[in-house]
Structure formats: C-alpha cells, structure tokens
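> Just so it is clear: in the sequence shown, position 138 is 305 by this note's numbering, and no numbers are missing.
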Amino acid sequence: MPPFVNPSVAAVRRPSLIPIDAAVAASLARGAACFEADHGVRLGIAHGWLHEAVRQSLEHCRRIPRPAPWLGQIAVDGQRQIVGACGFPNDPGADGFAEIAYQTFPAFERRGHGLAMAAALLEIVRRAGTIRRVLAHTASPEGVSARILARTGFRNEGEVAHPGHGRVWQWGAQVRGGQPGVGG
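1) How about the stretch 249–256 and the stretch 213–222: do they share at least three Cβ pairs that are nearer than 8 Å?
2) Runs of 4 residues minimum, wholly inside the stretch 278–348: which ones carry the alpha helix (DSSP H) assignment?
3) Please give me, in chain order, every unbroken run of the beta strand (DSSP E) with length at least 3 that falls completely inside the stretch 183–256.
4) So what's PHE264 in DSSP terms, helix, strand or just coil?
5) Run the CB neighbour count on VAL191, radius 10 Å, all protein chains shown included, and call it buried at 16 or more, exposed below.
6) By Cβ distance, which residues of its chain are closer than 6 Å to GLY333, with the 5 residues on each side in sequence left out?
7) I'd like to check one pair, ASP258 with ARG277: are the Cβ atoms closer than 8 Å?
8) Closer than 8 Å by C-beta to GLY310: which residues in its own chain qualify, once you throw out the five before and the five after it? Chain order, please.
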C-alpha cells in the first residue's frame, strides 16, 4: 500500500537526499569541485543557494539539536543535479510530531521537485514509525506549496501565528499505521 493518500504521489520519483552535517559543510568549504567529487553531484547554478541552505540548516541544528534523520537534506535529482533543500524544522523526539519544509531552488521550480521532496520527507516519517502527526506551513492557503501539501495528504487547518514567520497557514496530516494521510 503506498504511503500517501493520493496514489499518483506514490509514483513520484524521489530525489536522493544528502543529510546536511558538518562533513557536508566542510566539503562545500573546500570548493565546488571537491563537493561535487565527494558527493557525486553537480552543483551547477545551485552553488550560491546551496551555501545559504547549508548555513541555515547547520545554524538551525545548533539552536534545536536533533539526531539523523531529522536533519536538513540536500535534494539531488536523477541527473545528480542539486535542485533544492528540505528537512525537518523540529526534532520529533518524544512529541510524536514532525514538521516538514522544502525549498526548490529558483532555477528548478515547476518541475515537480517540491512534490518529490515532500514525498521523500514523508517516506522518512513513515520509516521512522514513531511519528503520529506531520505539520507544514505555507505563506498562503493557495499556490504551489498548498497544492503539494494537499496532494500528499495534508489538510489546511487554518491560519496560525508562527514564532519565526508571523501569520502562516498550517497544514496537518495524521500518521496511521505508519502511513501519512488525512484524518482525525
């Protein structure tokens, strides 16, 4: 049984994910050629965006420590091109809920990478087997990210105050039997 409410999401090609940690940052600091060789990827025009995504992810993990797999992730497409970053803003720990976030780098938008990253994060949640609820936030109740979340089984729960982003729209999905989906 596919882990998502919409069967078409199960067919989405998942990106390869590279966990963002100190080793990734050190590799990137040695230069693009070293990073590409170390990880078997192409940075291409994602180079500048990647530096910022790695910096933000490591800073976030310093503020809110968490174990793998609940780290930031670099998303790599089937051609080994870095296309975005995604991850978990919180450490699910004993709370039993995870929050997902994803960003497709601008040059790669509108190609399905956001949906693929969301699906890959939900697969991590499913494999963990300890999460009861998944959240995500959008700036608007409509738009690309809202459609991605709806397609992956999230329900719009309304506008909420977010400590880091002000007023945002919260989306939620219950996890039942290890499967993210809409419910209770």
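Every residue gets a Cβ at the ideal spot worked out from N, C-alpha and C, and that includes glycine.
According to the structure data:
1) yes
2) 280–295 and 311–318
3) 183–186, 240–243 and 249–254
4) strand
5) buried
6) none
7) no
8) none
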